[in-house]
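Chains as they are written, first to last, in the numbering used here: chain A, 812 to 1017; chain B, 812 to 1017.
What follows is the structure, given as structure tokens:
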């Protein structure tokens, strides 16, 4: 695309580097900013710069945090013997919003994926093994998505933890609450039946 | 959404102000930036600030430009008697990329739309009338989209120009080149037939 202004061209180039945003969408966003008051753009740029330069990652669980230790790790009321292994901050937010989990987290920062050049060294797996060895951890819950990469990562961590007394578990898979059986895929429905739970337990959970 | 970091929360808030970007997409973009080298975010913020503070609008045609006069208006080789009226810079880019137009432009900055609170005063219509009165303009081409707002705007400008000797025309509507007749909508096909052109003319245009 040929812009009548170099400044517009540069802004469109930079915005279109973001994932899922092409040149046309970038131009639409840039023209929108030009129509808005100047301080909106200043606030946006400022928030991005502050985010990128000042944000911290928790030393313990690698969650994004403003302090060297995140609020969850610093919370004395949480069960310190329980660690839930997740891929990124969005999973922490999703689990926190259920209100059903009172343990700690460990944010891996991705999944093992040779296709994308991500090996175990790129993730925070070593730090997790260290936590298990040094702290009094009783159980590790795997909460990665059930893709090939997720399963590989789970298995790699499981192997790394062999020899330690820690228990490992994985979140249950099954038909979503409220879903119709007839529309469920066979793999999920099959697992739902294989991993059925005593009926009394299902009464407790809600 | 409840973020573990205020900086992330602020960045997501600002990014999600952009049109078509919700909180979830904003969070995805923000987390992407956190994974990229710091200078990508710096370049993005810098480009946006520079754009918003330094960009100019051409004094004559209101196109976006780095100088007080845009390249098209400053080009002595263009036909100065012909002005094409468009809604925004994207339309200028679209027409320029055809390579078929050698006149000047006039960027309105929008269309008359009482629903969105945009009256003739918000647009650069007065400046267009002034150009017609002061410069030697021979013909005005309306190239707004053929919606109700576009038609209203065309008609308003047409009325404003009554009494001046300027000719007004509108871009032709019809079946797209390469399209099948059977899939065309009736209004477009109807206009295509009503506004048919001599066959010899169609041989010249390609």
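Backbone N, C-alpha and C fix where the C-beta goes; we use that ideal spot for every residue, glycine too. All values derive from a computational prediction rather than experimental measurement.
Proximity test, Cβ basis, 8 Å: residue i and chain B
| i | result |
| --- | --- |
| residue 884 of chain A | no |
| residue 1009 of chain A | no |
| residue 863 of chain A | yes |
| residue 830 of chain A | yes |
| residue 841 of chain A | yes |
| residue 838 of chain A | yes |
| residue 995 of chain A | no |
| residue 939 of chain A | no |
Any C-beta of chain A under 8 Å from that of residue i
| i | result |
| --- | --- |
| residue 888 of chain B | no |
| residue 911 of chain B | no |
| residue 934 of chain B | no |
| residue 954 of chain B | no |
Cross-chain neighbours of residue i in chain A, by beta carbon under 9 Å
| i | result |
| --- | --- |
| residue 815 of chain B | 869, 874, 875, 876, 877, 881, 882, 883, 900, 903, 904, 907 |
First and last residue of the uninterrupted alpha helix (DSSP H) at residue i
| i | result |
| --- | --- |
| residue 998 of chain A | 997 to 1005 |
| residue 884 of chain A | 882 to 885 |
| residue 843 of chain A | 834 to 846 |
| residue 962 of chain B | 959 to 971 |
| residue 901 of chain B | 900 to 909 |
| residue 779 of chain B | Because chain B here runs from 812 to 1017, residue 779 of chain B falls outside it and cannot be looked at. |
| residue 853 of chain B | 849 to 865 |
| residue 938 of chain A | 936 to 945 |
| residue 980 of chain A | Premise fails: residue 980 of chain A lies in the beta strand (DSSP E), 978 to 981, not in any alpha helix (DSSP H). |
| residue 874 of chain A | Run containing residue 874 of chain A: none; DSSP gives neither H nor E here. |
| residue 1014 of chain A | 1010 to 1015 |
Neighbouring residues, chain A, relative to residue i (Cβ below 8 Å)
| i | result |
| --- | --- |
| residue 860 of chain B | 852, 853, 856 |
| residue 818 of chain B | 858, 861, 862, 865, 866, 877 |
| residue 821 of chain B | 858, 861, 862 |
Neighbour list for residue i in chain B, Cβ cutoff strictly below 7 Å
| i | result |
| --- | --- |
| residue 917 of chain A | Result: empty, since nearest Cβ-Cβ is about 14 Å, beyond 7 Å. |
Extent of the continuous beta strand (DSSP E) run through residue i
| i | result |
| --- | --- |
| residue 952 of chain B | 950 to 953 |
| residue 918 of chain A | 914 to 918 |
| residue 829 of chain B | Element bounds for residue 829 of chain B: n/a, residue is neither H nor E. |
| residue 772 of chain A | For residue 772 of chain A there is no data in the structure shown, the boundaries of chain A being 812 and 1017. |
Within chain B, the residues that residue i reaches when beta carbons sit closer than 9 Å
| i | result |
| --- | --- |
| residue 825 of chain A | 851, 854, 855, 856, 857, 858, 859 |
7 Å Cβ cut-off: residues of chain A touching residue i
| i | result |
| --- | --- |
| residue 972 of chain B | Simply none; closest approach about 26 Å. |
Per-residue contacts from residue i into chain B (C-beta, under 8 Å)
| i | result |
| --- | --- |
| residue 845 of chain A | 862, 863, 866, 875 |
Q.
Using 8 Å as the cut-off, can you tell me whether the stretch 970 to 987 of chain A makes contact with the stretch 841 to 848 of chain A, which would need three or more C-beta pairs spanning the two stretches below that distance?
A. no
Q) Should the stretch 848 to 864 of chain A be regarded as contacting the stretch 905 to 918 of chain B, the criterion being three or more beta carbon pairs within less than 8 Å? A) no
Q: Answer yes if the stretch 896 to 907 of chain B comes into contact with the stretch 952 to 962 of chain B, meaning at least three C-beta pairs across the two stretches below 8 Å, and no otherwise.
A: yes
Q. How about the stretch 826 to 834 of chain B and the stretch 881 to 895 of chain A: do they share at least three Cβ pairs that are nearer than 8 Å?
A. no
**Q.** At least three beta-carbon pairs within less than 8 Å, the stretch 959 to 975 of chain A to the stretch 925 to 940 of chain A
**A.** yes
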